[in-house]
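Residue numbers (the numbering used here): 129 to 572. The beta-carbon is built from N, C-alpha and C at its ideal position, and this holds for glycine as well. Computed from a predicted model, the values in this text were never measured in an experiment. One structure is given below, encoded as structure tokens.
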Amino acid sequence: MRMRILILLAVSFFFVLCGQKKEQKGIVISNPQALNHLQIGQQYIEQDQFDAAIGELRAAVKLDSTLAEAWDRLGFVLAMENHLTEAVEAAQRAVKLVPNNAFYRQHLASNYVALGKHAEAIKEYKKAIEIDENYAHAYHGLGFLYALSNDNERAIKLYKKAISLKPDEAEFHYDLGNAYSKQNKLEEAVKEYKESIKINPRFTKAYYALGNTYIKLGKQHEGERELEIFKKLEAAEKEIAKRKNVVAKNPTDPAAYCYLGSAYLQQNDYSEAAKTFRNALKIDPQYSDALFGLGVVLLKQNQVGAALQRLKQALESGLRKPKLYHALGMAYFRKGMYDEAITAYKKALKMKPDFVSAYSGLGDAYQAQGQLEKAVANYKKALQFDSTMALVYCKIGDIYRQQGKFEEAMEVYTKALKITPNLGIAQWGLAQAYQGKKKTKANR
């Protein structure tokens with residue numbers, strides 16, 4: 129329950145944090161140093177370094193006790209660190225200074241929820257809505273409280289209102305799904321859980337809820353599938369939490385950030401991975417693993433020019449490992465620099481002779497240059513190490529078709545379809561090879 133409340137607070141807080149950054153220049157303060165502490169505190173919040181943020185924000189309000197924004201943020205980080213009474217007091221100071229700020233009212237309400245003071249929370253949520261009738265997070269927070277008291281009809285109305293104002297918030301759909309589930313409206317619950325996952329594919333608890341709801345509906349296979357995804361995501365979350373703890377204990381060590389960044393990268397969370405690798409580079413701009421990690425992330429995001437720059441910097445900083453050369457090969461290939469790509473892939477293979485992806489990449493580069501025999505040879509080498517790569521079979525099939533070797537093409541496309549029966553490119557290639565074979569026979 130506490131985790132749900134903290135998520136409720138965090139989601140609304142970061143929504144505000146992003147929106148108010150642009151307005152910071154307009155803050156009127158009696159001590160310029162206070163604003164500096166506030167800004168540093170915000171940076172620590174974004175890095176999940178809440179202890180450090182508390183120190184900076186306390187310094188800000190000590191220098192300028194009228195700085196409402198600092199009190200508001202202090203209330204947030206105190207709540208995240210489970211200092212709930214102090215969190216409420218800080219949020220109250222923000223509201224007292226700026227009574228007509230809906231964001232501050234909503235944050236105070238969330239802190240009241242965490243402290244178990246639901247009546248006070250309801251009052252503040254309603255006040256936030258009076259101030260801003262389009263404030264989606266206030267409707268959601270109020271709905272969450274009614275759901276806690278099993279007033280699901282009222283909760284559903286409020287969740288729907290929140291969604292109408294902010295339809296791309298995964299948490300809103302998830303909570304609406306929960307309310308439907310409590311009413312045994314399981315099909316409606318499934319729809320909302322699926323929508324929350326569509327918005328946020330890494331929304332772990334939504335997979336758990338969806339899986340169990342499917343099972344209740346008698347859809348065992350679908351339920352087990354979703355629960356399997358849940359287990360994998362949960363394990364990944366635990367790993368990330370462990371690595372975040374390493375960063376918290378070693379905030380000036382770039383290796384700690386790279387350790388965390390690699391976990392985000394494994395989960396395809398490229399935004400967090402990039403941010404984490406950049407934090408490492410703030411500490412040491414020449415840290416090779418961070419340059420490499422950021423280069424890989426940028427490549428995943430299709431920012432090829434920027435990726436190539438970072439990967440070259442990693443090489444210049446002294447890093448030598450097959451994955452770096454492989455990434456360079458991919459970047460060069462996407463830039464159309466095929467000779468450079470071939471050189472990079474060969475260096476990767478010299479260091480790691482069983483590097484399957486490097487053989488495949490080398491085959492792609494040779495194919496792009498029209499060196500088809502070399503391309504096929506490298507694709508086949510990749511398949512020697514991993515015979516389950518259906519797409520590599522298709523690449524060989526495409527070359528065979530281009531060469532008029534329709535029998536051989538049909539054979540490799542068939543192998544691809546045995547691995548992945550509904551692979552469209554293999555089905556299409558097989559059909560084309562068959563037609564090519566028929567035309568060849570007809571012309572004889």
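**Message:** Does residue 483 come out as helix, strand or coil in the three-state DSSP assignment?
**Reply:** In the sequence shown, counting from the first residue as 1, residue 483 sits at position 355. Of the three classes helix, strand and coil, the one that applies to residue 483 here is coil, per DSSP.
**Asked** Expressed to the nearest angstrom, what Euclidean distance is found between the alpha-carbon atoms of residue 146 and residue 241?
**Response** Within the sequence shown, numbered from 1, the residue matching residue 146 stands at position 18. Within the sequence shown, numbered from 1, the residue matching residue 241 stands at position 113. Because residue 146 sits at a pLDDT of 47, beneath the cut-off of 50, its placement in the model cannot be relied upon, and the point is left open.
**Request:** Output the boundary residues of the alpha helix (DSSP H) element that contains residue 179.
**Result:** Within the sequence shown, numbered from 1, the residue matching residue 179 stands at position 51. 178-191 is the extent of the alpha helix (DSSP H) around residue 179.
**Message:** Taking the alpha-carbon of residue 302 as reference, which of 271, 282 and 334 has the nearest alpha-carbon?
**Reply:** Locating residue 302 in the sequence shown gives position 174, where the first residue counts as 1. Residue 334 is the option with its Cα nearest to residue 302.
**Request:** Identify, in the order they occur along the chain, each residue of the same chain with its Cβ nearer than 8 Å to the Cβ of residue 506, setting aside the five sequence neighbours on each side.
**Result:** The count along the sequence shown starts at 1 and reaches residue 506 at position 378. Correct list, in chain order: 487, 488, 490, 491 and 494.
**Helix, strand or coil at residue 517 according to DSSP, with G and I counted as helix** = Numbered from 1 along the sequence shown, position 389 holds the residue referred to as residue 517. Coil at residue 517, not helix or strand.
**Prompt:** So residue 331 is in the alpha helix (DSSP H); what residue range does that whole segment cover?
**Reply:** Looking up residue 331 in the sequence shown gives position 203. It is not in any alpha helix (DSSP H) - residue 331 carries neither H nor E in the DSSP assignment.
**Request:** Work out the CA separation of residue 166 and residue 215 for me, nearest whole Å.
**Result:** Locating residue 215 in the sequence shown gives position 87, where the first residue counts as 1. Locating residue 166 in the sequence shown gives position 38, where the first residue counts as 1. Near 16 Å, if we compare the C-alpha coordinates of residue 166 and residue 215.
**Prompt:** Taking buried to mean at least 16 other C-beta atoms within 10 Å of its own C-beta, is residue 404 buried or exposed?
**Reply:** Position 276 of the sequence shown holds residue 404. Flag for residue 404 reads buried.
**Prompt:** Does DSSP put residue 154 in a helix, in a strand, or in coil?
**Reply:** The residue given as residue 154 occupies position 26 in the sequence shown. With a pLDDT of 44 at residue 154, under the threshold of 50, the modelled position of this residue cannot be trusted; read the value that follows with caution. Of the three classes helix, strand and coil, the one that applies to residue 154 here is helix, per DSSP.
**Asked** Rounded to a whole number of angstroms, what is the C-alpha to C-alpha distance between residue 471 and residue 381?
**Response** Counting from one through the sequence shown, the residue named residue 471 turns up at place 343. Counting from one through the sequence shown, the residue named residue 381 turns up at place 253. If you take the alpha carbons of residue 471 and residue 381, they lie about 34 Å apart.
**Request:** Using only alpha-carbon positions, find the residue among 466, 259, 463 and 508 that is nearest to residue 482.
**Result:** For the purposes of this step, residue 482 is taken as residue 354 along the sequence shown, with counting starting at 1. Of the listed residues, the one whose Cα sits closest to residue 482 is 508.
**Request:** With DSSP as the reference, label residue 389 as helix, strand or coil.
**Result:** Reading the sequence shown from its first residue, position 261 is the one you call residue 389. In this structure, residue 389 counts as helix in the three-state DSSP scheme.
**Prompt:** When burial is assigned at 16 or more other CB atoms within 10 Å of the CB, is residue 289 buried or exposed?
**Reply:** The sequence position of residue 289 within the sequence shown is 161, counting from 1. Counting Cβ neighbours within 10 Å, residue 289 comes out buried, since at least 16 surround it.
**Secondary structure of residue 571, DSSP reduced to three states** = Position 443 of the sequence shown holds residue 571. Three-state result, residue 571: coil.
**Prompt:** Which runs of the alpha helix (DSSP H) spanning at least 4 residues fall entirely within the segment 233-272, listed in chain order?
**Reply:** 246-259
**Request:** Could you pull the start and end residues of the alpha helix (DSSP H) that residue 201 belongs to?
**Result:** Your numbering for residue 201 matches position 73 in the sequence shown. Residue 201 -> alpha helix (DSSP H) spans 196-208.
**Prompt:** Which residues in the same chain have their Cβ closer than 6 Å to the Cβ of residue 408, if we skip the five residues on either side of it in sequence?
**Reply:** Your numbering for residue 408 matches position 280 in the sequence shown. Around residue 408: 382, 385, 386, 415 and 418.
**Asked** Is residue 538 helix, strand or coil when you go by DSSP?
**Response** Along the sequence shown, read from residue 1 onward, the residue named residue 538 stands at position 410. Helix at residue 538.
**Prompt:** Closest by CA to residue 260, which one among 428, 427, 268 and 230?
**Reply:** Taking the first residue of the sequence shown as 1, we reach residue 260 at position 132. Of 428, 427, 268 and 230, the residue nearest in Cα terms is 230.
**Prompt:** If you check the beta carbons only, do residue 199 and residue 163 fall under 8 Å apart?
**Reply:** As a working mapping, residue 199 is identified with position 71 in the sequence shown. As a working mapping, residue 163 is identified with position 35 in the sequence shown. It is not a contact, given that the beta carbons lie outside the stated cut-off.
**Asked** If you draw a straight line from the alpha carbon of residue 197 to that of residue 222, how long is it in whole angstroms?
**Response** Walking along the sequence shown from the start, residue 197 turns up at place 69. Walking along the sequence shown from the start, residue 222 turns up at place 94. Using only the alpha carbons, I get a separation of about 7 Å.
**Prompt:** Which residues in the same chain have their Cβ closer than 6 Å to the Cβ of residue 355, if we skip the five residues on either side of it in sequence?
**Reply:** As a first step, residue 355 must be located in the sequence shown, where it is residue number 227. 339.
**Request:** Starting from the C-beta of residue 429, find all residues in its chain whose C-beta is less than 6 Å away, skip the five residues before and the five after it, and write them out in chain order.
**Result:** Numbered from its first residue, the sequence shown carries residue 429 at position 301. The answer, listed in chain order, is 398.
**Prompt:** So residue 182 packs on residue 205, CB below 8 Å; how close in whole Å?
**Reply:** Working through the sequence shown from its first residue, we reach residue 182 at position 54. Working through the sequence shown from its first residue, we reach residue 205 at position 77. So it is a contact: roughly 5 Å between Cβ atoms.
**Item:** Sequence-distant residues of the same chain with beta carbon closer than 6 Å to residue 436, five excluded per side
**Value:** Position 308 of the sequence shown holds residue 436. 459.
**Request:** Return the chain-ordered list of same chain residues with a C-beta closer than 8 Å to the C-beta of residue 445, the five sequence neighbours on each side being excluded.
**Result:** Here the question's residue 445 lines up with position 317 in the sequence shown. The residues are 414, 415, 416 and 419.
**Request:** Please report how far the alpha carbon of residue 523 lies from the alpha carbon of residue 473, in whole angstroms.
**Result:** The count along the sequence shown starts at 1 and reaches residue 523 at position 395. The count along the sequence shown starts at 1 and reaches residue 473 at position 345. Cα-Cα distance, rounded: 18 Å.
**Prompt:** Who are the Cβ neighbours of residue 331 in its own chain at under 6 Å, not counting the five residues just before and after it?
**Reply:** Residue 331 sits at position 203 when you count from the first residue of the sequence shown. So the qualifying residues of the chain are 298, 324 and 325.
**Asked** residue 209: which of 179, 219 and 251 sits nearest, CA to CA?
**Response** Here the question's residue 209 lines up with position 81 in the sequence shown. Per the Cα distances, 179.
**Item:** Rounded separation between residue 312 and residue 345 - CA only
**Value:** As a first step, residue 312 must be located in the sequence shown, where it is residue number 184. As a first step, residue 345 must be located in the sequence shown, where it is residue number 217. Going from the Cα of residue 312 to the Cα of residue 345 covers about 10 Å.
**Asked** Taking the alpha carbon of residue 269 as the point to measure from, which residue in 201, 567, 538 and 249 has its own alpha carbon closest?
**Response** As a first step, residue 269 must be located in the sequence shown, where it is residue number 141. Among 201, 567, 538 and 249, the Cα nearest to that of residue 269 belongs to 249.
**Asked** When we look at the beta-carbon of residue 281 and count the other beta-carbons within 10 Å, is it buried (16 or more) or exposed?
**Response** In the sequence shown, counting from the first residue as 1, residue 281 sits at position 153. By the neighbour-count rule (16 or more Cβ atoms within 10 Å), residue 281 is not buried but exposed.
**Message:** Would residue 551 and residue 503 be called neighbours here (beta carbons separated by less than 8 Å)?
**Reply:** Position 423 of the sequence shown, counted from the first residue, corresponds to residue 551. Position 375 of the sequence shown, counted from the first residue, corresponds to residue 503. No, they are not a contact pair.
**Asked** Does the beta-carbon of residue 160 have 16 or more other beta-carbons within 10 angstroms, so that it is buried, or is it exposed?
**Response** One-based indexing of the sequence shown puts residue 160 at position 32. It counts as exposed.
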